[in-house]
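Undergrad:
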Amino acid sequence: MNSYDDAYKSLENSEWSPPESLASFLRAEVFEHSRVSGISSVLELGCGMGSVFESPDLSPLGINPTCVDVSETAISRASERKVTGEYLVADVTSPDFFIPTMFDLIVDSHLLHCLTRPSLREAYLANVIKHLKPESGIFAIETMVAHKKMDIPGFDKLTGIVGGDFGRKVFNHLELEQELLKAGLRIEFLIFTSGLNMIPVSGRDEAFITDPQIARALCSFKPA
Ligand SMILES: C[S@@+](CC[C@H](N)C(=O)[O-])C[C@H]1O[C@@H](n2cnc3c(N)ncnc32)[C@H](O)[C@@H]1O
0 MNSYDDAYKS
10 LENSEWSPPE
20 SLASFLRAEV
30 FEHSRVSGIS
40 SVLELGCGMG
50 SVFESPDLSP
60 LGINPTCVDV
70 SETAISRASE
80 RKVTGEYLVA
90 DVTSPDFFIP
100 TMFDLIVDSH
110 LLHCLTRPSL
120 REAYLANVIK
130 HLKPESGIFA
140 IETMVAHKKM
150 DIPGFDKLTG
160 IVGGDFGRKV
170 FNHLELEQEL
180 LKAGLRIEFL
190 IFTSGLNMIP
200 VSGRDEAFIT
210 DPQIARALCS
220 FKPA
C-alpha cells in the first residue's frame, strides 16, 4: 500500500460501519462527563468513509459534524452516502490545515495511531489545539497501547510500529501521556482498559487478547 487513498480504492463494495468502540466511549464517557455540556460544533478527524456520529449510540444526539480525511476516495464515498455532516479532504498534519471555526469537541477518529512518525503526531496535535475552543473545548481520543501479553507479528518494539509508514503506532502508556502533555493539552482523564483490544493490522475483523489494549483520553486546552 502506498497511501490511505490506495487502501480505500482497493476496498470494493465496502459497507461502511461506524467504529462502535469509539462511539460507546463518546456516549458513555465523554457526553456524560461533568466537564461536558452544550456541545454544538464538532470536528471529526480521520473519519474515513463516514462519521462515528452515524452510530445508533450517537445519532440521537443530532450532531452535525465537520469530518476530515486525507483520502479523497473515502470522502467522496462518505459524500455519496449523503449522511449528516460536512466532509472535507485535508491532511491534518499540514501547517496549512485550517477550518475557520473553533470547535466545542474534536474527535480523533482512530487517526493518531496512524501517524507513525513523532513529527507528524506533533504537527497533528498542534492543529487540534488550533481548532479547539480555549478552556471549554475538549479533545477526545481512543488509541492503542502496548501491554505485557501483546504479541503482534512484525511489531518493532524499538519504535512501537507495526506495518511500516502506513501501519500503526502502538504507544506505551507513558509515551501517550507525554505526547499529549508536550503538545500543550491538559488531560482531564486518561483510562487504560484491560479488557478491550484493538486490531492493529488490516485484513482481520476480530480482536485478539494479544492485540494492543485501548486507551481513552479526554483533553482540554488552556492558553498560557
Ligand atoms: C484507522 S482509519 C479510521 C477510519 C474511520 N474513522 C474508522 O474508524 O473506520 C484512520 C483514518 O485516518 C486517515 N488519515 C491518515 N492520515 C491522515 C492525515 N494526515 N490527515 C487526515 N486523515 C488522515 C486515513 O485515511 C483513515 O481514513
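If you're matching positions, the sequence shown starts at 0 in numbering that gives the first Met the number 0 and goes up one per residue.
Even for Gly, the Cβ is constructed at its ideal location relative to N, Cα and C.
Do the stretch 92 to 99 and the stretch 142 to 162 touch if we need at least three Cβ pairs shorter than 8 Å?
TA: They do not touch, by the three-pair rule.
Undergrad: So is the beta-carbon of C113 under 7 Å away from any non-hydrogen atom of ligand 1?
TA: For the purposes of this step, residue 113 is taken as the residue at position 114 of the sequence shown. It does: the Cβ of C113 is within 7 Å (strictly closer) of some heavy atom of ligand 1.
Undergrad: In or out: P64 buried (at least 16 other Cβ within 10 Å) or exposed?
TA: Against the sequence shown, residue 64 aligns to sequence position 65. The residue is buried, with at least 16 neighbouring Cβ atoms inside 10 Å.
Undergrad: Given 7 Å as the limit, tell me if C218 has its C-beta closer than that to any heavy atom belonging to ligand 1.
TA: As a first step, residue 218 is located in the sequence shown; it is residue number 219 there, counting from the start. Every heavy atom of ligand 1 is 7 Å or more from the Cβ of C218, so no.
Undergrad: Looking at C218 and R227, is the spacing between their C-beta atoms short of 8 Å?
TA: An answer regarding residue 227 cannot be provided, because it is not within the stretch 0 to 223 covered by the chain.
Undergrad: What is the rounded straight-line gap between the Cα of L104 and the Cα of I208?
TA: The residue given as residue 104 occupies position 105 in the sequence shown. The residue given as residue 208 occupies position 209 in the sequence shown. Taking the straight line from one Cα to the other gives about 31 Å.
Undergrad: Would you call P59 buried or exposed, if buried means 16 or more other Cβ atoms sit within 10 Å of its Cβ?
TA: Locating residue 59 in the sequence shown gives position 60, counting from the first residue. So P59 counts as exposed.
Undergrad: Going by alpha carbons, who is nearest to G49 out of H109, R185, T100, E31?
TA: Here the question's residue 49 lines up with position 50 in the sequence shown. It is H109 whose Cα lies nearest to the Cα of G49.
Undergrad: Counting only runs that start and end within the stretch 78 to 120, where is the beta strand (DSSP E) found for 3 or more residues in a row?
TA: Runs found: 85 to 88, 104 to 107.
Undergrad: Should V88 and V51 be called a contact, given that it needs their Cβ atoms to be closer than 8 Å?
TA: Here the question's residue 88 lines up with position 89 in the sequence shown. Here the question's residue 51 lines up with position 52 in the sequence shown. It is not a contact, given that the beta carbons lie outside the stated cut-off.
Undergrad: Give the range of the alpha helix (DSSP H) segment to which D68 is assigned.
TA: Indexing the sequence shown from 1 puts residue 68 at position 69. No alpha helix (DSSP H) holds D68; the beta strand (DSSP E) holding it covers 65 to 68.
Undergrad: With respect to 7 Å, is the separation between the Cβ of S40 and the closest non-hydrogen atom of ligand 1 below this value?
TA: Counting from one through the sequence shown, the residue named residue 40 turns up at place 41. For ligand 1, not one heavy atom lies less than 7 Å from the Cβ of S40.
Undergrad: With a cut-off of 5 Å, give the chain-ordered residues whose Cβ is closer than this to any heavy atom of ligand 1.
TA: Qualifying residues come out as Y3, P18, G45, G47, D68, V69, S70, D90, V91, T92, S108, H109, L110, C113.
Undergrad: Taking 8 Å as the threshold, find out whether the stretch 123 to 139 comes into contact with the stretch 150 to 164 through three or more Cβ pairs.
TA: In short, these stretches do not touch, since the Cβ pair count stays below three.
Undergrad: Does the beta-carbon of F188 have 16 or more other beta-carbons within 10 angstroms, so that it is buried, or is it exposed?
TA: Residue numbering aside, residue 188 sits at position 189 when the sequence shown is read from its first letter. Exposed.
Undergrad: So for R185, helix, strand or coil by DSSP?
TA: In the sequence shown, the residue the question calls residue 185 occupies position 186. In the structure shown, R185 sits in a strand (DSSP, three-state: E or B).
Undergrad: What separation, rounded to the nearest whole angstrom, lies between the Cα atoms of S23 and Y7?
TA: Counting from one through the sequence shown, the residue named residue 23 turns up at place 24. Counting from one through the sequence shown, the residue named residue 7 turns up at place 8. Looking at the two C-alpha atoms, the distance is approximately 25 Å.
Undergrad: Which of the three DSSP states, helix, strand or coil, is assigned to R203?
TA: By 1-based counting over the sequence shown, the position of residue 203 is 204. R203: coil per DSSP, three-state reduction.
Undergrad: Using only alpha-carbon positions, find the residue among V41, T100, C46, H172 that is nearest to W15.
TA: Looking up residue 15 in the sequence shown gives position 16. Residue C46 is the option with its Cα nearest to W15.
Undergrad: Buried or exposed for T100, going by 16 or more other Cβ atoms inside 10 Å?
TA: The count along the sequence shown starts at 1 and reaches residue 100 at position 101. Exposed: under 16 other Cβ atoms inside 10 Å.
Undergrad: In chain order, which alpha helix (DSSP H) runs of at least 4 residues are fully inside the stretch 137 to 197?
TA: Segments of the alpha helix (DSSP H) lying fully in the stretch 137 to 197: 172 to 181.
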